[in-house]
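In the working numbering, the protein residues as written are 21 to 420.
We treat Cβ as the ideally placed atom computed from N, Cα and C, and that holds for glycine.
Predicted model only: the values in this text are computed from it and were never measured.
First comes the structure, then the notes that go with it.
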């Protein structure tokens, strides 16, 4: 199945260079084939009986939010290392982690967070970030998973930060870094293929390597425990064959929706289970076709090898589209979006929903956010939050 609209670029967050506090740290080695898209300057326009408005204009790039399970405030994650809370009127600091995270490259920074499943008692959160390091040369820095305590003042206790796992990154891009609580104290952590182009180290097809994967673990007693059978690879690896799974979400049946950012031709939406390891094809496949350096983009579908799971939907790099930003399986929020998966495109700001119609997954464009989408979040009253690279935050709700 092919999406309606198309695209044109290759990596998520590339434009964030313009808003990054570390503009001079882009480092050696430009990407010769990269084409800068024209900025999106438009207003948010939605169909599907939805309306949208600007919630906040922050001037720095936020890209994710979660609702605090204790006080109901919206915690907002910033690429530069800040976490802030929003109660509908006031924005307050929760943490300044800028001294810990690398901002040398636009795909580095504070990339993910999640509340502990027992947060009411533990006051613990999990953090995912690219560790601070030198901005010289290739800017390699480890991707780090840490825990941290929230103090009585509502701020992170910096001395409580404890590293749980460290992933060596051979290049500065394709870090992934998204964290998702999957229930029962289990968590999913997305990792890119290690970076550069064409998966030069063939990490994607190596299930013994954490790069290009989604890891599954249980968090308990300030340790993480692998949950997969270790006889066939890394026991933390749930799914592999991914390029840069910037966002994913668990559906109502426990299935996992993964938005994987493409390189040359196709952006992917994958649908897999949480109880069985899957190979999603990268870097042997992109979309429904074989991948190799110099491959031509074609809509001719090629059968995958045995054991490879193809996406349920792809869309091409045409009409200004460039990079998929995954959203949510909608079992909450606006009624008109229930029982569907929403996602957007970074460059065009387009937003789609995938719904099962007559036994087939079908995508429909539901509107445009009016900016370059770097992430989605949940608002304090069940709104869908859309984060733009400019620092603008848009909220989408049911039309009143």
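Residue j beta carbon less than 9 Å from that of residue i
| i | j | result |
| --- | --- | --- |
| residue 392 | residue 373 | no |
| residue 428 | residue 131 | A query on residue 428 cannot be resolved here, the shown segment of the chain reaching from 21 to 420 and no further. |
| residue 144 | residue 122 | no |
| residue 286 | residue 346 | no |
| residue 302 | residue 224 | yes |
| residue 365 | residue 74 | no |
| residue 367 | residue 340 | yes |
| residue 232 | residue 262 | yes |
| residue 328 | residue 304 | yes |
| residue 253 | residue 186 | no |
| residue 195 | residue 216 | no |
| residue 94 | residue 400 | yes |
| residue 344 | residue 406 | no |
| residue 284 | residue 310 | no |
| residue 190 | residue 153 | no |
| residue 160 | residue 188 | yes |
| residue 205 | residue 239 | yes |
| residue 184 | residue 163 | no |
Buried versus exposed call for residue i [16 or more other C-beta atoms within 10 Å across all chains shown]
| i | result |
| --- | --- |
| residue 383 | buried |
| residue 355 | exposed |
| residue 336 | buried |
| residue 371 | buried |
| residue 377 | exposed |
| residue 230 | buried |
| residue 258 | buried |
| residue 313 | exposed |
| residue 44 | Summary for residue 44: the model assigns pLDDT 28, below 50, so the residue's position carries little reliability; its value from the coordinates is reported in the next sentence. So residue 44 ends up on the exposed side. |
| residue 89 | exposed |
| residue 150 | buried |
| residue 272 | exposed |
| residue 251 | exposed |
| residue 295 | exposed |
| residue 269 | buried |
| residue 242 | exposed |
| residue 136 | buried |
| residue 317 | exposed |
| residue 219 | buried |
| residue 110 | exposed |
| residue 228 | exposed |
| residue 420 | exposed |
For residue i, the three-state DSSP class (helix, strand or coil)
| i | result |
| --- | --- |
| residue 102 | strand |
| residue 250 | helix |
| residue 348 | strand |
| residue 142 | helix |
| residue 392 | coil |
| residue 355 | helix |
| residue 156 | coil |
| residue 63 | coil |
| residue 167 | strand |
| residue 178 | helix |
| residue 87 | strand |
| residue 380 | strand |
| residue 263 | coil |
| residue 293 | coil |
| residue 330 | coil |
| residue 304 | coil |
| residue 414 | strand |
| residue 72 | strand |
| residue 311 | coil |
| residue 192 | coil |
| residue 405 | strand |
| residue 77 | strand |
| residue 151 | strand |
| residue 336 | strand |
| residue 298 | strand |
| residue 386 | strand |
| residue 280 | strand |
| residue 134 | strand |
| residue 93 | coil |
| residue 419 | coil |
| residue 108 | coil |
| residue 400 | coil |
Assumed close pair residue i, residue j - CB separation to whole angstroms, cut-off 8 Å
| i | j | result |
| --- | --- | --- |
| residue 245 | residue 175 | Not really, about 29 Å apart at Cβ, beyond 8 Å. |
| residue 101 | residue 85 | The Cβ separation is near 16 Å, so there is no contact. |
| residue 403 | residue 353 | 7 Å |
| residue 390 | residue 62 | 5 Å |
| residue 211 | residue 235 | 7 Å |
| residue 290 | residue 278 | 4 Å |
| residue 332 | residue 348 | Going by Cβ atoms, the distance from residue 332 to residue 348 rounds to 16 Å, so no, they are not a contact pair. |
Continuous beta strand (DSSP E) assignments of at least 3 residues falling wholly in the stretch 199-246: 199-203, 206-211, 233-240, 243-246
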